[in-house]
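As they're listed, the protein sequences go chains A and B.
57 is the number of the first residue of the first sequence in the working numbering; add one for each residue after it.
39 is the number of the first residue of the second sequence in the working numbering; add one for each residue after it.
From the three backbone atoms N, C-alpha and C, an ideal C-beta is built for every residue, glycine too.
Take a look at the structure set out below.
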Amino acid sequence: MLISFPNMGPNWVAFKTLFTALDLDVVVPDPTNREAIKIGVKYSPEFVCFPFKATLGDFVNAIEKGADTLVMAIDCGPCRFGFYASVQERILRDMGYKDIRVIPLDQADLLEFHWVKTLQEVSGRKDLFIYSKYIKAVIYFLKKAKLLNDIQTAEGLFRAYEHNLGDTTRVVNELLEKLDKANTLVELRNFKKVIKNDFNSIDIDKSKTPLRVGLSGEIHISLEPYVNLDLRRKLGEMGVEVHQSLSLYDWVVHKFHLNYHRKWLEHLAKPYVPMDIGGECVWVLGEYIDKAKAGFDGFIHSYPFTCMPEVTARTIITNKLKKIYDLPIIYFSFDEQSGQEGFRTRLEAFYDLMEARREREIKSTPEFMANGQKKIYPQYGGEFYNEIAQLIQAE
Amino acid sequence: MGLSTTGDKKRYKVGIPRALHYYRYYPFWKKLLEELDVEIVLSPPTNKNIVEEGVTHGFGELCIPVKIYYGQVLKLVENNPDLDFVFVPRYVSEVPESYFCPKFLSLPDVIKILPEVPKILNFEVNVKEFPISTSAIELGKQLGKGQTASVEAYKKAQAYFDEYHNFLRDGGSVNHALRLVHRNLPFKLPKKEMKGDLRFLLLGHAYNIFDTFINLDFIKKLHEQGVEVLTIENLPEYLFKKPVIVNPRGGVLRNYWQHEEEIMQAIRFFLTKGRAEIDGVIFLISFACGPDSLISELIMRDMKVVGLPFLEIIMDEHSGEAGMMTRIESFVEMVRRKRKRLGLEPRWKSKIKFYEGT
Ligand code: SF4
Ligand code: SF4
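Structure (structure tokens):
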């Protein structure tokens, strides 16, 4: 049995460890690319949401690299996501990959371990369901996911300050390799220091006062750089700080009912949408309000074309929240036809808009003043955010 | 406020937009609200103007039924400035294992922020959290009614709704039945019966199939081609008792969208025992519909396996009469040729064998 899973940005590191810790063989698909998208689009239902097509393409790639067991995260209702695994399996078999299994991994089940039983059945290995083993797998998974989340946080800040274009991206890639190789608890415990050191080695211009944007949206699109046209990197290289709490870790912890940040966002969104309607809808609304109150310069909402919950979020922001909070927002709805051209122009126009607004409003609004003139937000974000912020602020 | 008084009782005026779940629940809502002493105002059948209005207010990536809902709400409010409430229910879940499409979960949230919309009359159906009688009690509260009255009203509404369903299962068409409900007439089948040499199963959400404006009077077009039409509403209840398992040989999944589940349960019958009872299946889908984009794929693949002709029609506000006609005609022709080739008798309203009770 050779296991694989679809791409979602840097999160292959975490998924990989979940299976290698169980001593299972894993093959990581190539980073999502044109070929994968082409195949995904060709064999998917025409009107299904883009992540379905992209991940189907990844699966075909993984199968060609030898994988026979594909693991797909699912979430049962109310959105389409829960159907992905079954429909994709059906399509793959009809494509002629007769012996392929697609195993749904319900995140809520991560701690109930049905997925381990399924893997045990599929692999025929009797030794998987040993407590110490699968607990270790989950611990490694969570730790790596948390560290990936930290890398994302640091990356979002640092890139806006780098002297040499591309330094941050290089550091991130090196860190991913290192994290992939860190396979003892001691290494993982110390990895936060590694992240800080590596970022600290980047030559940055501390005198800058970059624009700040919040970014949220549908999780796959927001985390996978190939499908979102490398949105985070483009913003960073334009000199914009990107604040994004959405990550794999953020989601999984939410599924364990332990994500207090998300609970706070739900509280903010409650007057507008009182419940989880699928996707990230409620939390996008919460993030938008939160960022507006904190005096951010702008907000970016990225999602797959026609994504049901995100379209609802967009409707509510446009028709209501924008009028109340007036935080500039730009929407990107991605599908296989999204091109670089219009994308760049729109981003640049948005940049100009935010810049003008900062001059006009943020700097003169008393409640934002304290923030607007500081380089880094005081008391914003988690503990790690603040440690990273110190690195940039320290003279 | 537009409270009209009859005797010493105050009657609230409540508007119901003729869109989305109207086509599924109107008889239930009507009885429920009337039992709670409400005067109901219904928006007109969908027309060009309503669609345009909806398209302007709901943006591009929404499915057309939701855009029509926007248009219907705005029309309702425009025509009736004295409404006390607009009835915008929140259907989350009606059977414990299932959900509705995310757009139904947030319907009141997107409607209440439209300009000029009066107070919304809330009716949340969410059996994952509480029974429907509780929903009815909450509804009653907003109308100044006590618990007992609301529960009574709910019971009556449910009984009436059951009667309505039985009528549909006896062969009544939804639009005919809705007209009877609206006019407070007893359920009676029309004298003239449509007879055709072919029989199709027409699948899709009720608001796609029975909103004759947006689907360009699809059923009538089929009738004109000599095709008898069955919809899910006409099928016996027992077909819907067992859940459908998607992909039973692999990663087993229990379908969690209620309406899509009904579609797949209906299909399950015609894929197996009922294979010979119909000649083809047409699935009417709105552009940008999330659930149907997946379900239709599954059905299409199943149809190929059993060799049942299948046509998927995607509708949006730009669907043209001519294009639709050509597709229907060529599909019907194809099916008719196939029947001839197999040497089968025309159907002419032959009874379907449903194997009651199995
Ligand atoms: S949240 Fe959006 S992308 Fe995800 S399954 Fe639903 S519609 Fe598709
Ligand atoms: S089920 Fe489809 S057509 Fe109906 S509201 Fe949802 S997305 Fe729109």
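- Where residue 187 of chain B and residue 258 of chain B are concerned, what is the direct C-alpha to C-alpha distance, given to the nearest angstrom? When rounded, the distance between both Cα atoms is 42 angstroms.
- Query: How do the segment 62-74 of chain B and the segment 192-205 of chain B stand: do at least 3 beta-carbon pairs fall below 8 angstroms, yes or no?
  - Reply: Taking 8 angstroms as the limit for Cβ pairs, the verdict is that the segment 192-205 of chain B does touch the segment 62-74 of chain B.
- Message: Here's a check: name, in chain order, each residue in its chain whose Cβ is nearer than 7 angstroms to the Cβ of residue 394 of chain A, leaving out the five neighbours to either side.
- Response: Once the five neighbours on either side are set aside, the close Cβ partners of residue 394 of chain A are 285.
- Going by Cα to Cα distance, which pick from A:75, A:320, A:247 and A:371 is closest to residue 184 of chain A? Nearest option by C-alpha distance: A:75.
- Could you tell me whether any Cβ in chain A is nearer than 8 angstroms to the Cβ of residue 79 of chain B? No, residue 79 of chain B does not count as interfacial toward chain A.
- Item | Cα-Cα separation between residue 372 of chain B and residue 235 of chain B, rounded to whole angstroms | Spanning the alpha carbons of residue 372 of chain B and residue 235 of chain B requires a straight line of approximately 13 angstroms.
- State the start and end residues of the unbroken alpha helix (DSSP H) segment that holds residue 186 of chain A. Residue 186 of chain A -> no alpha helix (DSSP H), and no H or E assigned at all.
- Any C-beta of chain B under 8 angstroms from that of residue 284 of chain A: So no, residue 284 of chain A is outside the interface.
- Any beta-carbon of chain B closer than 8 angstroms to the one on residue 131 of chain A? Taking CB atoms only, residue 131 of chain A has no neighbour in chain B less than 8 angstroms away.
- Query: From the beta carbon of residue 117 of chain A, is the nearest beta carbon of chain B less than 8 angstroms away?
  - Reply: For residue 117 of chain A, the answer is no, since every Cβ of chain B falls outside 8 angstroms of its Cβ.
- For residue 372 of chain B, which of helix, strand or coil comes out of DSSP? Of the three classes helix, strand and coil, the one that applies to residue 372 of chain B here is helix, per DSSP.
- Task: Can you grab the Cα-Cα spacing for the pair residue 146 of chain B / residue 136 of chain A, in whole Å?
- Result: Put simply, the backbone Cα of residue 146 of chain B is about 21 angstroms away from that of residue 136 of chain A.
- Query: Relative to chain A, which residues along the segment 135-163 of chain B have a C-beta separation below 8 angstroms, given in chain order?
  - Reply: Within the segment 135-163 of chain B, the qualifying residues are 136, 137, 138, 139, 140, 141, 143, 144, 147, 148, 151 and 152.
- Query: What are the residues that DSSP puts in a beta bridge with residue 296 of chain A?
  - Reply: The partner list for residue 296 of chain A (beta bridge, DSSP) reads A:267.
- Run through the segment 345-382 of chain A for me and flag every whole alpha helix (DSSP H) of 4 or more residues, listed as ranges in chain order. Annotation note: the segment 345-382 of chain A contains the following uninterrupted alpha helix (DSSP H) runs of length 4 or greater, listed N- to C-terminal: 364-372 and 378-381.
- Message: Between residue 329 of chain B and chain A, is the shortest Cβ-Cβ distance under 8 angstroms, so that the two count as touching?
- Response: When Cβ-Cβ separations below 8 angstroms define contact, residue 329 of chain B makes contact with chain A.
- Message: ligand 2 and residue 249 of chain B: does the residue's C-beta get closer than 7 angstroms to at least one heavy atom of that ligand?
- Response: The answer is no for residue 249 of chain B.
- Task: Measuring only between beta-carbons, confirm whether residue 339 of chain B sits less than 8 angstroms from chain A.
- Result: So yes, residue 339 of chain B belongs to the interface.
- Message: Taking CB distances under 8 angstroms as the criterion, tell me whether residue 389 of chain A reaches chain B.
- Response: Judged by the 8 angstroms Cβ criterion, residue 389 of chain A is in contact with chain B.
- Buried or exposed: which applies to residue 449 of chain A, given that a residue is buried once 16 or more other Cβ atoms fall within 10 Å of its Cβ? Around the beta carbon of residue 449 of chain A, fewer than 16 other beta carbons sit within 10 angstroms, so the residue counts as exposed.
- Query: Got a sec, what are the start and stop residues for the beta strand (DSSP E) residue 157 of chain A sits in?
  - Reply: For residue 157 of chain A, the uninterrupted beta strand (DSSP E) segment begins and ends at 157-162.
- Task: Starting from the N-terminal side, write out each stretch of the alpha helix (DSSP H) that is 4 residues or longer and does not extend beyond the segment 46-77 of chain B.
- Result: Whole alpha helix (DSSP H) segments, 4+ residues: 60-73.
- Task: Just confirm the distance between the C-beta atoms of residue 316 of chain B and residue 325 of chain B, as a whole number of angstroms; I'd bet it's less than 8 angstroms.
- Result: About 26 angstroms; that fails the 8 angstroms criterion.
- Quick one: what does DSSP say residue 93 of chain B is sitting in, helix, strand or coil? Under the three-state reduction of DSSP, residue 93 of chain B is assigned to helix.
- Message: Going by the DSSP bridge assignment, what does residue 164 of chain B pair with across the sheet?
- Response: Answer is B:131, bridged to residue 164 of chain B.
- Message: Let me see if you follow: with CB-CB separation under 8 angstroms, is residue 173 of chain B close to chain A or not?
- Response: For residue 173 of chain B, the nearest beta carbon of chain A is not closer than 8 angstroms to its own beta carbon.
- Task: Mind listing, in chain order, the continuous beta strand (DSSP E) runs of no fewer than 3 residues lying wholly within the segment 295-333 of chain A?
- Result: Within the segment 295-333 of chain A, the runs of beta strand (DSSP E) at least 3 residues long that lie entirely inside it are, in chain order, 296-299.
- Alpha carbon of residue 204 of chain A to alpha carbon of residue 66 of chain A, nearest angstrom: Rounded to the nearest angstrom, the two C-alpha atoms are 7 angstroms apart.
- Message: Between residue 328 of chain B and ligand 2, is there a pair consisting of the residue's CB and a ligand heavy atom that are separated by less than 7 angstroms?
- Response: Yes, ligand 2 has a heavy atom inside 7 angstroms of this Cβ.
- Task: Could you tell me if the beta carbon of residue 364 of chain A falls within a distance shorter than 7 angstroms of some heavy atom in ligand 1?
- Result: At least one heavy atom of ligand 1 is nearer than 7 angstroms to the Cβ of residue 364 of chain A, so yes.
- Message: If I measure Cβ to Cβ from residue 263 of chain B and keep anything under 6 angstroms in the same chain, skipping five residues before and after, which residues do I get?
- Response: The residues 370, in chain order, have a CB closer than 6 angstroms to that of residue 263 of chain B in the same chain once the five nearest residues on each side in sequence are set aside.
- Task: Could you tell me the distance, in whole angstroms, from the CA atom of residue 313 of chain B to the CA atom of residue 202 of chain B?
- Result: Rounded to the nearest angstrom, the two C-alpha atoms are 28 angstroms apart.
- Under the three-state reduction of DSSP, which class applies to residue 233 of chain A: helix, strand or coil? Looking at residue 233 of chain A - three-state DSSP - the assignment turns out to be helix.
- Residues in the segment 391-402 of chain A having any Cβ partner in chain D nearer than 8 angstroms: The chain labelled as chain D is not found among the protein chains of the depicted structure, namely A and B.
- Identify, in the order they occur along the chain, each residue of the same chain with its Cβ nearer than 7 angstroms to the Cβ of residue 99 of chain B, setting aside the five sequence neighbours on each side. A distance below 7 angstroms between beta-carbons, with the five flanking residues on each side excluded, links residue 99 of chain B to the following residues of its chain, in chain order: 326.
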